[in-house]
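Contents: one structure, followed by commentary.
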DNA sequence: AATTAAATTTAGACAAATCTAAAAATTAAT
DNA sequence: ATTAATTTTTAGATTTGTCTAAATTTAATT
Ligand SMILES: [Mn+2]
Ligand SMILES: [Mn+2]
Ligand SMILES: [Mn+2]
Ligand SMILES: [Mn+2]
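Chains as they are written, first to last, in our numbering: chain A, 1207 to 1426; chain B, 1207 to 1426.
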């Protein structure tokens, strides 16, 4: 089967919404895709006939296992291209998403598998999100938000909660990137800000908001 | 301005047809694009309103200078991706065209300029066709068909007349690729076949048909 | 010059993806 | 349990790109 760009964008959006919401609604999906609820309903009918979603009108919808498989293929393409753009073409992480949004729809299987090999079979994209392999399997992240890290335990930054250039700017300024090892030395109850220590650098403070957008894994 | 995939395919096809035909016709373009003459007429009207083609009904059409500029941008993207696919991902030349046909429509200028830089500003694609630079300028090829090369003059293979896997197979078998230096030792009048000499290898014969599909430049 | 043939364009239809406005169903609040 | 608010779906249009079949124009032949 072959899918249109619109179909692929819907499938991927449903996958992402399913991941963080117990039930995905028409309005939510319309918001995500910058489209209208009526358009979503139209597409759901189409995706149902193609057996990519379970759908009963007025009673919600979800991806079928076939739909999930397709979604993972698109996500694989998206994240491999993001990795390529960041690693080989030296784009900053806040620039790669929009371009990958287009590249992900070039669906030659051979292209993607060769790209994967060329890139050295990367496991995570520039935002720390896992890249599905050619079987659709990917690492299940054990990452937690920095705000819930125990004091004085070394952890490694493994991802970010959003990909805005504002966050990127702040992280650059504070010398934090994916892979950076750090500890939380103290938590201030007043505003939930955290005192952070990175190896050679003097300790410094970060806001609760920033901490919630930094994903970390306990050090190996 | 931003163009649809369909518009871009038409513009590029017109550019290519203009290159080898004194006048481009509706039927010819329909044939090229695997579409119907009626569809071509429809699109010509649209491209005219966008000032990309000169068009008077029943009296032919041609690209405006703006149209040519757009065409060169698409061709630049196409050929850079072909180069990437062949050089970095190790695709054979008969595989790169179809994939580039999709990739060429991802139109981020920054992406393409960075790709160009990453590839080392290549001058020709895997078929020996020149790649426009970011100003739209490209080498005007001084290549001639091997069938019109003078006897005993060293020349270098610089391109091919078609990109079929059949031609590729034959050239692989005969150890000829782009960059190969060779001489024509003898021309047989009976069938216009040519006796060819490549540096270390024993001389061998090639057909007129093959010779016409091999573009060469006089050696420097 | 008249006729025939070929190329091109128009007329009308259709599929994909979207929209607005109105109707229907579900959920929440009295 | 009604009523009100919210969500979702339908009805009917619109845009883009395509098609077939018919009409028109241009080119080629007698
Ligand atoms: Mn997309
Ligand atoms: Mn990402
Ligand atoms: Mn194309
Ligand atoms: Mn080429």
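Think of the CB as a built atom: it goes at the ideal place given N, C-alpha and C, for glycine as much as any other residue.
Judging by CA-CA distance, which residue of 1422/B, 1388/B, 1396/B, 1356/B is the nearest neighbour of residue 1410/B?
For the purposes of this step, residue 1410/B is identified with residue 204 of the second chain, where counting begins at 1. Measuring from the Cα of residue 1410/B, the nearest candidate turns out to be 1388/B.
Contact defined as beta carbons within less than 8 angstroms: I believe residue 1320/B pairs with residue 1374/A. What is the distance between those atoms, to the nearest angstrom?
Taking the first residue of the second chain as position 1, residue 1320/B is located at position 114. Taking the first residue of the first chain as position 1, residue 1374/A is located at position 168. Beta-carbon to beta-carbon, residue 1320/B and residue 1374/A are separated by about 18 angstroms, too far to satisfy the 8 angstroms threshold.
Would you list, in sequence order, the uninterrupted beta strand (DSSP E) runs of no fewer than 3 residues that lie entirely inside the region 1248-1302 of chain A?
DSSP assignment within the region 1248-1302 of chain A yields the following whole beta strand (DSSP E) runs of 3 residues or more, N-terminal first: 1259-1261, 1267-1269.
Can you pull every residue whose C-beta falls closer than 6 angstroms to some heavy atom of ligand 3, listed in chain order?
After applying the 6 angstroms Cβ criterion, the set is 1215/B, 1307/B, 1310/B, 1311/B.
Residues that residue 1294/B contacts on chain A, provided the C-beta gap is smaller than 7 angstroms
For the purposes of this step, residue 1294/B is taken as residue 88 along the second chain, with counting starting at 1. Within chain A, the residues whose beta carbon sits less than 7 angstroms from that of residue 1294/B are 1324, listed in sequence order.
When DSSP labels each residue in this structure, what does residue 1389/B get in the three-state scheme?
Residue numbering aside, residue 1389/B sits at position 183 when the second chain is read from its first letter. DSSP places residue 1389/B in strand when its eight states are reduced to three.
If you reduce the DSSP assignment to three classes, tell me which class residue 1411/B lands in.
The sequence position of residue 1411/B within the second chain is 205, counting from 1. If DSSP states are grouped into helix, strand and coil, residue 1411/B belongs with the strands.
According to DSSP, residues forming a beta bridge with residue 1366/B:
Sequence index remark: in the second chain, residue 1366/B carries index 160 (1-based). 1420/B, per the DSSP bridge assignment.
Nearest by alpha-carbon distance to residue 1220/B: which of 1210/B, 1245/B, 1325/B, 1274/B is it?
Translated into positions along the second chain, residue 1220/B becomes position 14. Comparing Cα-Cα distances from residue 1220/B to each of 1210/B, 1245/B, 1325/B, 1274/B, the minimum goes to 1274/B.
Just reading off the alpha helix (DSSP H) that residue 1217/B is part of, what are its end residues?
Residue 1217/B sits at position 11 when you count from the first residue of the second chain. Annotation for residue 1217/B: the continuous alpha helix (DSSP H) segment containing it runs 1211-1226.
Residues that residue 1321/B contacts on chain A, provided the C-beta gap is smaller than 8 angstroms
Walking along the second chain from the start, residue 1321/B turns up at place 115. Listed by position along chain A, the residues whose Cβ is nearer than 8 angstroms to that of residue 1321/B are 1295.
Is it right to say residue 1326/B is buried, meaning 16 or more other beta carbons lie within 10 angstroms of its own, or is it exposed?
Position 120 of the second chain holds residue 1326/B. Counting Cβ neighbours within 10 Å, residue 1326/B comes out exposed, since fewer than 16 surround it.
With burial defined as no fewer than 16 other Cβ atoms inside 10 Å of the residue's Cβ, what is the status of residue 1335/B: buried or exposed?
The residue you call residue 1335/B lines up with position 129 of the second chain. Residue 1335/B is buried by the Cβ-count criterion.
Quick one: which unbroken alpha helix (DSSP H) runs of 4-plus residues sit fully inside the region 1317-1385 of chain B? Chain order, please.
You should have 1371-1379.
I'd like to know if residue 1276/B contacts chain A, where contact means its C-beta is closer than 8 angstroms to some C-beta of that chain.
Taking the first residue of the second chain as position 1, residue 1276/B is located at position 70. Output row for residue 1276/B: interface = no.
Between 1312/B, 1305/B, 1322/B, which lies nearest to residue 1314/A when the distance is taken from Cα to Cα?
Position 108 of the first chain, counting from 1, holds the residue named residue 1314/A. Of all alpha-carbon atoms in 1312/B, 1305/B, 1322/B, the one lying nearest the alpha-carbon of residue 1314/A is that of 1305/B.
Contact check, residue 1337/A vs residue 1329/A under 8 angstroms by CB: the rounded distance?
Counted from its first residue, the first chain places residue 1337/A at position 131. Counted from its first residue, the first chain places residue 1329/A at position 123. Between residue 1337/A and residue 1329/A the beta-carbon gap is near 6 angstroms, inside 8 angstroms, which marks them as a contact.
By Cβ distance, which residues of its chain are closer than 7 angstroms to residue 1280/A, with the 5 residues on each side in sequence left out?
As a position in the first chain, residue 1280/A is number 74, starting the count at 1. Same-chain partners within the cutoff: 1214, 1217, 1218, 1310.
Determine the chain A residues that contact residue 1337/B at a beta-carbon separation under 7 angstroms, and present them in chain order.
The residue you call residue 1337/B lines up with position 131 of the second chain. Within 7 angstroms Cβ-Cβ: nothing; residue 1337/B doesn't reach chain A, min ~17 angstroms.
Inter-residue Cα distance where the pair is residue 1369/B and residue 1339/A
In the second chain, the residue the question calls residue 1369/B occupies position 163. In the first chain, the residue the question calls residue 1339/A occupies position 133. For residue 1369/B and residue 1339/A, the distance between alpha carbons rounds to 32 angstroms.
Contact between the region 1281-1291 of chain A and the region 1237-1252 of chain A (3+ Cβ pairs under 8 angstroms):
At 8 angstroms Cβ cutoff, the stretches do not touch.
Return yes when the C-beta of residue 1201/A is under 7 angstroms from any heavy atom of ligand 2, and no when it is not.
Not covered by the structure: residue 1201/A. The range shown for chain A is 1207 to 1426.
Since residue 1403/A contacts residue 1391/A with CB under 8 angstroms, what's their CB separation in whole angstroms?
By one-based count along the first chain, residue 1403/A stands at place 197. By one-based count along the first chain, residue 1391/A stands at place 185. Cβ-Cβ separation between residue 1403/A and residue 1391/A: approximately 5 angstroms, consistent with a contact (criterion under 8 angstroms).
Give me the chain A residues within the contact set of residue 1308/B, using Cβ-Cβ distance strictly less than 7 angstroms, ordered along the chain.
Your numbering for residue 1308/B matches position 102 in the second chain. Against chain A, a Cβ distance below 7 angstroms from residue 1308/B picks out 1312.
Please go through the same chain and pick out, in chain order, the residues whose beta-carbon is closer than 6 angstroms to the beta-carbon of residue 1393/B, but skip the five residues on each side of it.
As a working mapping, residue 1393/B is identified with position 187 in the second chain. Only residues of its own chain outside the window of five on either side were considered, and among them 1400 have a CB closer than 6 angstroms to the CB of residue 1393/B, listed in chain order.
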